[in-house]
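Novice:
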Amino acid sequence: DTPAHLRPKLRGKARLLLTNPYALHQYLEWHHLWAPFLARLRYVVLDEAHWYQGAFGSGVALLLWRLGRLLRRYGAKPTFVLASATSGDPAGLARALLGREARPITEDGSPQGARTWWFWDPDRDPKASAFAQVVQLARFLLEAGLQTLVFVPSRRMAEALSAAVRAAAPHLGEKIAAYRAGYLPEERRALEAGLREGSLRLVVSTCALELGVDIGGLDAVILMGYPGSLASARQQAGRAGRAGRPALVVYVPEEDPLDSYFLHHPEELVFGPVELPVLNPRHRGLLFRHVLCAAAELPLRPEELGELGLQEEELAPLLKAGPLARTPAGLVYAGRTRAVENAPLDALSSRQVRLLWQGETLEVWDEVRARREAFPGAVLLHQGQPFRVRALDLEAGVAELEEFPEDYTTKAVTTETVRILKPEVQQEGLGFGWVEVREEVRAYKVLSRGRLVEVRPLSLPPVEFQTEGIWLLWPTPWEEPGALHGAEHALVALVPLLVGASAKDVGGISTPHHPDTQKPTILIYEGFPGGIGISRALLSRVGEWVRRTAEHLARCPCEAGCPRCVLSARCGSGNQPMDKGGARAILERWRERYGPVG
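First residue of the sequence shown? That's 1445 in the working numbering, and the numbers climb one at a time after it.
1. Residues in its own chain within less than 8 Å of Ala-1994 by CB, not counting five upstream and five downstream?
2. Determine, using beta-carbon pairs with one atom in the segment 1469 to 1485 and one in the segment 1708 to 1725, whether at least three such pairs fall under 8 Å.
3. Go ahead and pull the three-state DSSP assignment for Tyr-1627.
4. What's the C-alpha gap between Ala-1675 and His-1494?
5. In the DSSP assignment, the beta strand (DSSP E) including Tyr-1888 goes from what residue to what residue?
6. Starting from Ile-1968, trace the beta strand (DSSP E) in both directions and tell me its first and last residue.
7. Which residues mark the beginning and the end of the beta strand (DSSP E) in which Met-1601 is found?
8. Enumerate in chain order the residues of its own chain whose CB-to-CB distance from Asn-1430 is below 6 Å, with the five nearest sequence positions on each side excluded.
9. Could you check where the beta strand (DSSP E) with His-1826 kicks off and where it finishes?
10. With DSSP run on the structure shown, which of helix, strand or coil describes Glu-1923?
11. So does the segment 1504 to 1519 actually touch the segment 1727 to 1747, counting three or more Cβ pairs closer than 8 Å?
12. Which full runs of the beta strand (DSSP E) of 3+ residues lie inside the segment 1507 to 1550, going along the chain?
13. Flag this pair as yes or no: are the beta carbons of Leu-1667 and Tyr-1623 separated by less than 7 Å?
14. Along the chain, where does the beta strand (DSSP E) containing Lys-1866 start, and where does it finish?
15. Quick check on Pro-1404: buried or exposed, where buried means 16 or more other Cβ atoms within 10 Å of its Cβ?
16. How many whole angstroms separate the CB atoms of Glu-1698 and Ala-1608, which I take to be in contact at a CB cut-off of 8 Å?
17. Could you tell me whether the segment 1702 to 1710 touches the segment 1729 to 1742, where touching means 3 or more Cβ pairs closer than 8 Å?
18. Kindly list the residues whose CB is nearer than 7 Å to the CB of Ala-1582, restricted to its own chain and excluding five residues on each side of it in sequence; keep chain order.
19. Do you know offhand how far Leu-1662's Cα is from Arg-1780's?
20. If you count every other CB in all the chains shown that lies within 10 Å of the CB of Ser-1528, and 16 or more means buried, which is it?
21. Under three-state DSSP, which class holds Phe-1819?
22. Taking 7 Å as the limit between beta carbons, can you name the residues of its chain near Glu-1884, skipping five residues before and five after?
23. Cβ of Pro-1534 within 7 Å of Cβ of Tyr-1487?
24. On the CB-based measure, 16 or more other CB atoms within 10 Å of its CB, does Arg-1903 come out buried or exposed?
25. Taking buried to mean at least 16 other C-beta atoms within 10 Å of its own C-beta, is Ala-1499 buried or exposed?
26. Taking the beta carbon of Ile-1968 as the centre, do at least 16 other beta carbons fall within 10 Å, making it buried, or is it exposed?
27. Considering only their Cβ atoms, is the gap separating Leu-1644 from Ala-1621 smaller than 7 Å?
What follows is the structure, encoded as structure tokens:
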């Protein structure tokens, strides 16, 4: 929000600079304008460091490497401080981000009041939806005088829930508001001030209020659905009860395997270890793009390439194509556009697709994701706001969007084939290594409130990429397809329990006979070209993964399968065939036979 005309003065006088990785990524090329500031820099602080994982964290790690070489140029040797209240492995995260060892400081000196957790089961009242129950719960807390923050998964939900609570408690309407990304800065500041000062008593928010905003200490927080990671859940819960005050946290699950899992394992949500961070700064696509950025900032020397595990001969394609040139001072960038324009921080693929709305770039996706989710006719969310894809031009790298007020969603119908290319681990019952994925989108489903409206045909070229995967094997040739299919869905859904990733970051196939293993196989692969380390992290905890998945299936009260255990809205075959009981049985058989492997 800093006006452009004030920035030159700040560069000369600033002693404390607040920025974000996206801005720093753009500014490093103009480091000479910041030379006095960089030369006297003593501390670099990364707040909420647990956010830096996955593709984004991998890009930030390389951004920090670029910053470090510029600081050496100006003779600065600052101390790096990483702050996080919810990291599962702080020393490991620091090592991955900074490329060096760090000393963890684990004593928590922040004042915390007593925090009471309620775990609310919407199924206890089958006549009322989870949404309706949260409305009544929020009204109850509001009328009881508790300043309350409700976290919801989307902007649309934030607006709908705040309106519903306002209708349920009209006499308190002025004290109720929604908060989400997309508001003007002055609107956001007014809402934040209302929370701090107490004039707003109930706010419904997306994750926009999870961190980075001072709103004081609240009396109660409602989590409507699991936010995707234990780190996020703890951050959201931590918004209540600061400064030593007692607080209430209410967890209300939605119809999702992870949501249901934590309803039945409350101790894990409150006290369990946070997921292991996953990032891969050595991803070749990322490395080459950040090498070009670094060369645009300062000539690159051979010893600096060694810091990245690269040899100069590996850059021959870049030298031949022209964006990189050899000079007496080192390798320099010689491209026609700014290097950072072709190096988004949060994408792995070298081919990018910009999501355009009215000429404005809303997001930049890698081509693999765009083919899956930005096909013509697809409905997608940007910061909770629905848009429909009007056209997709892969050659130009553009998806044109239009606003979409209707209340329906879309889901691609895909078929996947996965070949095992290079196994790195081959054990009885378990494998890990490089795989080749081929995905074809043949049609897409139009869904209204989860119900199928129609299936529309679609013709797109297939997606092919190489990535890492992990596979489970069974010795008997008679494993039923429905059992394998159900186990595959359940395993994919619970991936976020063990590593810092979303279930959407992985895909899976299951078959009674895989041509590369000659056995019944479930293969889980990473949905990114080159992978980011999810499969490797799962390999170290595979026994726990299988055990917790089998236990979750045993605890789910349904008979034939439901969205809380084995049914998936992402399934390209319409969740057929499906055998929940068989899924549990084959996972338990795998544990009995191969448990020591994991």
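Just so you know, even glycine gets a beta-carbon here, dropped at the ideal spot from N, CA and C.
Specialist: Based on what the coordinates show:
1. When the five nearest sequence neighbours on each side are left out, the beta carbons in the same chain lying within less than 8 Å of the beta carbon of Ala-1994 are those of Arg-2028, Leu-2031, Glu-2032 and Arg-2035, in order along the chain.
2. Contact between the segment 1469 to 1485 and the segment 1708 to 1725 is not established, with fewer than three Cβ pairs separated by less than 8 Å.
3. It is coil, neither helix nor strand.
4. Cα to Cα, Ala-1675 sits roughly 8 Å from His-1494.
5. Looking at the DSSP string, the run of the beta strand (DSSP E) that includes Tyr-1888 is 1874 to 1892.
6. From DSSP, the beta strand (DSSP E) with Ile-1968 extends over 1965 to 1970.
7. Looking at the DSSP string, Met-1601 is not in any beta strand (DSSP E); the run it does join, the alpha helix (DSSP H), is 1599 to 1612.
8. Outside the displayed range of the chain (1445 to 2042) lies residue 1430, so it cannot be described from this structure.
9. Here the beta strand (DSSP E) through His-1826 covers 1823 to 1826.
10. In the structure shown, Glu-1923 adopts coil according to DSSP, grouped into three states.
11. Touching, yes, given that three or more Cβ pairs across the two stretches are closer than 8 Å.
12. If you keep only unbroken beta strand (DSSP E) runs of at least 3 residues inside the segment 1507 to 1550, you get 1523 to 1526.
13. No, they are not a contact pair.
14. Here the beta strand (DSSP E) through Lys-1866 covers 1853 to 1871.
15. Because the chain spans 1445 through 2042 in this model, residue 1404 falls outside it and cannot be assessed.
16. Actually they are not in contact, since the Cβ atoms of Glu-1698 and Ala-1608 sit about 16 Å apart, beyond 8 Å.
17. Cβ pair count under 8 Å is below three, so no.
18. For Ala-1582, where only same-chain residues beyond five positions count, the Cβ hits under 7 Å are Thr-1592, Val-1594, Val-1609, Leu-1646 and Ile-1666.
19. Going from the Cα of Leu-1662 to the Cα of Arg-1780 covers about 52 Å.
20. By the neighbour-count criterion, in which 16 or more other beta carbons inside 10 Å mark a residue as buried, Ser-1528 falls on the buried side.
21. Assignment of Phe-1819 by DSSP, reduced to helix, strand and coil, places it in the coil class.
22. Setting aside the 5 residues that flank it on each side, Glu-1884 is surrounded in the same chain by Thr-1858, Thr-1859 and Pro-1906, each with a C-beta closer than 7 Å to its C-beta; the list follows chain order.
23. The answer is no: Cβ separation not under 7 Å.
24. For the sequence presented, residue 1903 should be read as Ser rather than Arg. With fewer than 16 neighbouring CB atoms inside 10 Å of its own CB, Ser-1903 falls in the exposed class.
25. By the neighbour-count rule (16 or more Cβ atoms within 10 Å), Ala-1499 is buried.
26. By the 10 Å Cβ count, Ile-1968 comes out buried.
27. Going by C-beta atoms, Ala-1621 is nearer than 7 Å to Leu-1644.
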